[in-house]
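Undergrad:
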Amino acid sequence: MSRKLVRPREGRMFAGVCAGLAQRFGMSAGMIRLLFLLSLLLPGTQVIVYLVLWILMPNEDRVRY
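Now the structure itself:
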């Protein structure tokens, strides 16, 4: 299990941001996705944060261990 913040090749639904966060923090990807969807009900910049993470998080195959 990788402890780096990367977007994995396996388990992606859209961009892999939620799967990468789940992998990094030892949670299930479904739980992270549910939390993200619930957070959309609150005012804030959740979508912008998601897009920034999508840009900044490297793909798993581009990271050298």
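For reference, each letter of the sequence shown is one residue, going 1 to 65 in full-length UniProt numbering. Note that CB positions come from ideal geometry on N, CA and C, so glycine has one too.
Which residues in the same chain have their Cβ closer than 8 Å to the Cβ of MET31, if we skip the five residues on either side of it in sequence?
TA: Walking along the sequence shown from the start, residue 31 turns up at place 31. Taken in chain order, the residues that qualify are ALA22.
Undergrad: Under a Cβ-count criterion, where at least 16 other Cβ atoms within 10 Å of its own Cβ denotes burial, should GLY20 be classed as buried or exposed?
TA: As a first step, residue 20 is located in the sequence shown; it is residue number 20 there, counting from the start. By the Cβ neighbour-count rule, GLY20 is buried, with 16 or more other Cβ atoms within 10 Å of its own.
Undergrad: Run through DSSP, which three-state label would ARG7 get?
TA: Taking the sequence shown and counting its residues from 1, one reaches residue 7 at position 7. DSSP places ARG7 in strand when its eight states are reduced to three.
Undergrad: Measure the alpha-carbon distance for ARG9 versus LEU53 and round it to whole angstroms.
TA: Taking the first residue of the sequence shown as position 1, residue 9 is located at position 9. Taking the first residue of the sequence shown as position 1, residue 53 is located at position 53. For ARG9 and LEU53, the distance between alpha carbons rounds to 16 Å.
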